[in-house]
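**Student:** Encoded as C-alpha cells, here's the structure I'll be asking about.
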Amino acid sequence: VIAVVGALVFAYGKWVTGMDFVELFQAVVGIAVSVIPEGLPAIITITLAIGVQRMAQRNAIIRRLPAVETLGSVSRICSDKTGTLTLMEMMAVSAVTAESIYKINGNGYAPEGEITRDGKPAGREPVLELMGRVSMLCNDAELFEQDGVWKVEGDPTEGALYPLATKLGMERRSEVARLPRIDAIPFESEHKFMATLHKPADGKELLFVKGAPEVILEHCDRQQTAGGERKAIDRAHFMSASDKLAGQGERVLGLAWLESPGVKAGGLTPGDLPRNLVLLGLIGLLDPPRKEAIEAVKECHGGGIRVTMITGDHKITAAAIAKMLDIGDGKTALSGAEIEDMNEAALQEKVRTIDVFARASPEHKLRLVKAIQANRQIVAMTGDGVNDAPALKKADIGVAMGIKGTEVTKEAAGMILTDDNFASISAAVKEGRTVYNNIEKAILFMLPTNVAQALVIMVAIFFGFTMPITAPQVLWVNMVTSVALGLVISFEPHELDVMNRPPRAVDRPILTGFGIWRVVFVGLALLAVTLWAFFWMKSQGASDQIARTVAVNMITIGQVFYLLNSRYLLDNSVSFTAHLGNKYLPLGIGAVVVLQLLFTYAPPLQRLFDNEAIPLWVWPWLIVAGLVFFLVVEAEKLFIRSSGSLRSLVTAVEAGA
Numbered sequence: 053v054i055a056v057v058g059a060l061v062f063a064y065g066k067w068v069t070g071m072d073f074v075e076l077f078q079a080v081v082g083i084a085v086s087v088i089p090e091g092l093p094a095i096i097t098i099t100l101a102i103g104v105q106r107m108a109q110r111n112a113i114i115r116r117l118p119a120v121e122t123l124g125s126v127s128r129i130c131s132d133k134t135g136t137l138t139l140m141e142m143m144a145v146s147a148v149t150a151e152s153i154y155k156i157n158g159n160g161y162a163p164e165g166e167i168t169r170d171g172k173p174a175g176r177e178p179v180l181e182l183m184g185r186v187s188m189l190c191n192d193a194e195l196f197e198q199d200g201v202w203k204v205e206g207d208p209t210e211g212a213l214y215p216l217a218t219k220l221g222m223e224r225r226s227e228v229a230r231l232p233r234i235d236a237i238p239f240e241s242e243h244k245f246m247a248t249l250h251k252p253a254d255g256k257e258l259l260f261v262k263g264a265p266e267v268i269l270e271h272c273d274r275q276q277t278a279g280g281e282r283k284a285i286d287r288a289h290f291m292s293a294s295d296k297l298a299g300q301g302e303r304v305l306g307l308a309w310l311e312s313p314g315v316k317a318g319g320l321t322p323g324d325l326p327r328n329l330v331l332l333g334l335i336g337l338l339d340p341p342r343k344e345a346i347e348a349v350k351e352c353h354g355g356g357i358r359v360t361m362i363t364g365d366h367k368i369t370a371a372a373i374a375k376m377l378d379i380g381d382g383k384t385a386l387s388g389a390e391i392e393d394m395n396e397a398a399l400q401e402k403v404r405t406i407d408v409f410a411r412a413s414p415e416h417k418l419r420l421v422k423a424i425q426a427n428r429q430i431v432a433m434t435g436d437g438v439n440d441a442p443a444l445k446k447a448d449i450g451v452a453m454g455i456k457g458t459e460v461t462k463e464a465a466g467m468i469l470t471d472d473n474f475a476s477i478s479a480a481v482k483e484g485r486t487v488y489n490n491i492e493k494a495i496l497f498m499l500p501t502n503v504a505q506a507l508v509i510m511v512a513i514f515f516g517f518t519m520p521i522t523a524p525q526v527l528w529v530n531m532v533t534s535v536a537l538g539l540v541i542s543f544e545p546h547e548l549d550v551m552n553r554p555p556r557a558v559d560r561p562i563l564t565g566f567g568i569w570r571v572v573f574v575g576l577a578l579l580a581v582t583l584w585a586f587f588w589m590k591s592q593g594a595s596d597q598i599a600r601t602v603a604v605n606m607i608t609i610g611q612v613f614y615l616l617n618s619r620y621l622l623d624n625s626v627s628f629t630a631h632l633g634n635k636y637l638p639l640g641i642g643a644v645v646v647l648q649l650l651f652t653y654a655p656p657l658q659r660l661f662d663n664e665a666i667p668l669w670v671w672p673w674l675i676v677a678g679l680v681f682f683l684v685v686e687a688e689k690l691f692i693r694s695s696g697s698l699r700s701l702v703t704a705v706e707a708g709a
C-alpha cells in the first residue's frame, strides 16, 4: 500500500506539478518513513513488560507475555474455594450427636477454646471424648506452632480436627501410644472417607472412620448416646442436622467407630469398610472467606466479570459459602454427579446461569471450561493439583497456586499466584486492562503524528510548494520525540473506572472505528498547525531551513500537548489534577524539551538535519499554537461526552460490542 501511494504521489509530483526529481524522490521517501511508526513495537513491548512487573508486585507472576493481553478480556473467573476465596484456616465450630448440639469456640488452628452446650461448658462427655479421639487418630495432618502462629502440615480439614481433641484435654502423643495404628484406608475423592485400625496393648481392635456424612451414614446402623449406649440410628435426624450445618456454610464430616470390626490388618481396602458402624456424630468446620476476596469479587462484578466457585464441598455448604462472597443466590449449585449426568449441550446451558459447583473433580473442571468457552466467554481457571493441569491448559488463561500448587500445574498455567489469593487475580485483571488501555493510548498518540507528517509532505507535493519537513527530520520525530513521549504512556496507572467497564471483546480490533476517527481528526489538526507555523515563518522572511526547523518544533510541541490529551480517551484533561499520578510525565516532557533544544541549536545536529537556529521570540507563538491544538482536541472530547448517543456508541465500540 505504501509503495502504491508513493508511486502515485511521485507520478503526480513529476508530471503534474513538475517538481525536481531529487527533491520529489526525497519527499516520497519522507512519506514512506512518516507513515511507519518505527518506535511503536518497542513501546508495546515495554508496556507489556511494565504490566508484567506491576502484576509481580501484586503477587501474580506472568509466565507467558500474551497472557497479559488475555487478562484484559477475561469475562469469567473460575476459582477454587479453599485457600483462594477463603483463608484456608479451617476450624471445627459445631458438633451434633444423637441428643445434643455443641458449639466449639476458639481461634483457627490454635488448640485453645471451649465446647459449650446451651451456652454452658459441656465437660468431657463420653460421646464427645470418642469424637475427639477419632478426630485425633483418624488423621494424617500435623499441627505445629511457628513464631507464635499455629500452622498445619497436610490437609487443612484434618488439621482443624486436632483442636477439637485438645479442647477436650487430650494429648496426641499419649493417645497414639495407647492406641497405635496398625492399618488405614487413606481418604480419596472416589470413596469420600478415611478409616484407621488401632490395637491397644490390652484390648480389642478399634476402627475409626471419618468422611462425608452421606457416606458415613450409609455404613452405620447404630448411633452412640451421651451415656454410651448404642441405639438404632436415626438417619433423618442426622441428615437434617447435616443440611442445617451446611446451610451455615460449614463443611460437615461424619465420625463413626466400631469395636472388634472383624477386618484383617495389612491390606484394608475401601470395600472392607463394615456397614455396622456406630455413628458418633457430625462435626461442622468453617473456613471463613477472605475479606479481600469479598472486595475482589465485588470489583469483578462491577467490571462485568462473573466469578464462579468450584469446590469439593457439599452443594448446600458450597452455596452458603458462595453467598458470603456474593457469588450465586445462596441456594443454587450444581454437583459433580449432576455434571456427569449431563451431555455437553445441557452443561453449556447450565453454566449460563449457575456459578457454584460442588463435589467437583478435575475432570469436571475441564468440562466446565469447555462449556463456558462454548458460550463465547473468556475464562480464567485456577488449580493446584496435578490433575488440574488439563483444565488450566484448556482455559484462556490458567492460574496456578504458587504455595500449594504442583510443578505440573505451574507449567500448564499462564499465571502463578504467589499468595494463592483470589484478590491477586482481580488485581492482575485490572493490570491486564490497564496494559491494553495503555497500548491503545500509545497507538492513538503516535499515529496522528505519522498522519500529519505524511499529509504535510503530500500537500506540499500536490500544491507544489517547498517541503515543510524532510525525511531525516521525519525520522527524528518518529524515532526520538515520539518514542520519548510514547514511553510516558507505558507507565500510565490504571484509570479510576477501569473495573467499572465491561470486558473487552476478544475479537475487538486494537484500532476501532472511533480510533480511526481520532487519528484522522488529530492528524488533520496537527497538519493545520504545522503548515501554519511553516508559512508564518516564511511570511516573516525566514529561510527554508529556519521554517522547516520551526515546523518540526511545532509538530513536537503539538505532540507534547496531545500527550496530555491522550491520558484520557474521553475524559477531561483541562485541569492540573488530571495530569497527576504518572511521575514519568514531567520527566518525558523535560527530556523532549532538552532534545528539541539540542536539535535546534546544537551545530552537529544542525548539520545532520539541515536545521538553523530559530529566534527566541518564536517559541511563545509555537506554545500558544500548541495550546490551541490541545483545546481543539479537548473540544472534540467534550462534544462526544456531551452527546449521550455518541458517548454510548464510542463506549460500545471500545468494548467491542
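Numbering (my numbering), first residue to last: 53 to 709. Each residue gets a CB set at the ideal place from its N, CA and C atoms; glycine is no exception. Since the model is a prediction, treat every value here as computed from it, not as a measurement.
Can you tell me whether M394 is helix, strand or coil according to DSSP?
**Tutor:** It is coil, neither helix nor strand.
**Student:** At a cut of 8 Å, does the segment 162–170 reach the segment 333–352 through at least three beta carbon pairs?
**Tutor:** no
**Student:** Hey, how far is the Cα of E344 from the Cα of G633?
**Tutor:** Taking the straight line joining both Cα atoms gives about 24 Å.
**Student:** Output needed for V120: all residues of its chain with C-beta closer than 7 Å, excluding positions within five of it in sequence on either side, in chain order.
**Tutor:** Here the set comprises L100, G103, V104, I114, G484, V487.
**Student:** Considering only their Cβ atoms, is the gap separating I455 from T321 smaller than 8 Å?
**Tutor:** no
**Student:** In chain order, what residues of the same chain have a beta carbon less than 8 Å from the beta carbon of Q78, not counting five sequence neighbours either side?
**Tutor:** Residues M519, T522, A523 of the same chain have their beta carbon placed closer than 8 Å to that of Q78, with the five preceding and five following residues left out of the count.
**Student:** Let's test the definition: count the other Cβ atoms within 10 Å of the Cβ of D549 and tell me whether it reaches 16, buried, or not, exposed.
**Tutor:** Exposed is the call here.
**Student:** For V145, count neighbouring Cβ atoms within 10 angstroms of its own Cβ and tell me buried if that reaches 16, exposed if not.
**Tutor:** buried
**Student:** Would DSSP call D719 helix, strand or coil?
**Tutor:** Past the boundaries of the shown model lies residue 719; the chain is included only from 53 to 709, so the question cannot be answered.
**Student:** Tell me, which residues are paired with D235 by DSSP?
**Tutor:** Beta-bridge pairing by DSSP links D235 to L249.
**Student:** Among G91, P667, V330, R230, which residue has its Cα nearest to the Cα of F497?
**Tutor:** G91
**Student:** Quick one: using the 10 Å Cβ neighbour count with 16 as the cut-off for buried, is R303 buried or exposed?
**Tutor:** buried
**Student:** Using alpha carbons as the reference points, say which of T134, R225, N605 lies closest to N530.
**Tutor:** N605
**Student:** How is the beta strand (DSSP E) around C272 delimited, first residue to last?
**Tutor:** That run of the beta strand (DSSP E) goes 272–276.
**Student:** Return yes when the Cβ of E240 is within less than 8 Å of the Cβ of S312, no when it is not.
**Tutor:** no
**Student:** So, L139 versus S131, is the Cβ gap smaller than 8 Å?
**Tutor:** Contact: no.
**Student:** Between which two residues does the alpha helix (DSSP H) harbouring W588 extend?
**Tutor:** From DSSP, the alpha helix (DSSP H) with W588 extends over 565–591.
**Student:** With H, G and I counted as helix, E and B as strand and the rest as coil, what does DSSP make of E386?
**Tutor:** Note on residue identity: the sequence assigns Leu, not Glu, to residue 386. Reduced to three states, the DSSP call for L386 is strand.
**Student:** Quick check on C352: does DSSP put it in helix, strand or coil?
**Tutor:** helix
**Student:** Between which two residues does the beta strand (DSSP E) containing M433 stretch?
**Tutor:** 431–435
**Student:** Could you check which residue in R342, G314, P341, D339 has the C-alpha nearest to that of L329?
**Tutor:** Answer by Cα proximity: G314.
**Student:** Once DSSP output is grouped into helix, strand and coil, what is the label at R561?
**Tutor:** Reading the sequence as shown, one finds Pro at residue 561 and not Arg. In this structure, P561 counts as coil in the three-state DSSP scheme.
**Student:** Please work out which residues of its chain come closer than 6 Å, Cβ to Cβ, to V626, disregarding the five sequence neighbours upstream and downstream, and give them in chain order.
**Tutor:** The residues are E686.
**Student:** Are I88 and V61 touching if we call contact CB-CB under 8 Å?
**Tutor:** no
**Student:** What residue from G565, E194, E463 has the CA that sits closest to G738's CA?
**Tutor:** Because residue 738 is not part of the residues shown, which for the chain are 53 to 709, the question remains open.
**Student:** Check whether the Cβ atoms of D407 and V359 lie closer than 8 Å to each other.
**Tutor:** yes
**Student:** For a quick check, are the C-beta atoms of K203 and P163 less than 8 Å apart?
**Tutor:** no
**Student:** Between C272 and A308, which are expected to be in contact by the criterion C-beta below 8 Å, what is the C-beta distance as a whole number of angstroms?
**Tutor:** 5 Å
**Student:** If you follow the alpha helix (DSSP H) that D596 is part of, which residue opens it and which one closes it?
**Tutor:** Going by DSSP, D596 is part of the alpha helix (DSSP H) stretching over 596–618.
**Student:** Grouping DSSP H, G and I as helix and E and B as strand, with all else coil, what is W202?
**Tutor:** strand
**Student:** So for V81, helix, strand or coil by DSSP?
**Tutor:** helix
**Student:** Using CA atoms only, rank isn't needed, just tell me which of P340, D207, M222, V267 is closest to F290.
**Tutor:** V267
**Student:** Which residues in the same chain as A709 place their Cβ atom closer than 6 Å to its Cβ, once the five residues preceding and following it in sequence are excluded?
**Tutor:** Reliability fails at A709, whose pLDDT of 48 lies under 50, so the model's placement of it is uncertain and no value is given.
**Student:** Which word fits I491, buried or exposed, when buried means at least 16 other C-beta atoms lie within 10 angstroms of its C-beta?
**Tutor:** buried
**Student:** Is it true that the CB of A385 sits closer than 8 Å to the CB of V403?
**Tutor:** No, the pair does not count as a contact, with Cβ atoms beyond the cut-off.
**Student:** DSSP on V684, reduced to helix/strand/coil?
**Tutor:** V684 falls in the helix class under three-state DSSP.
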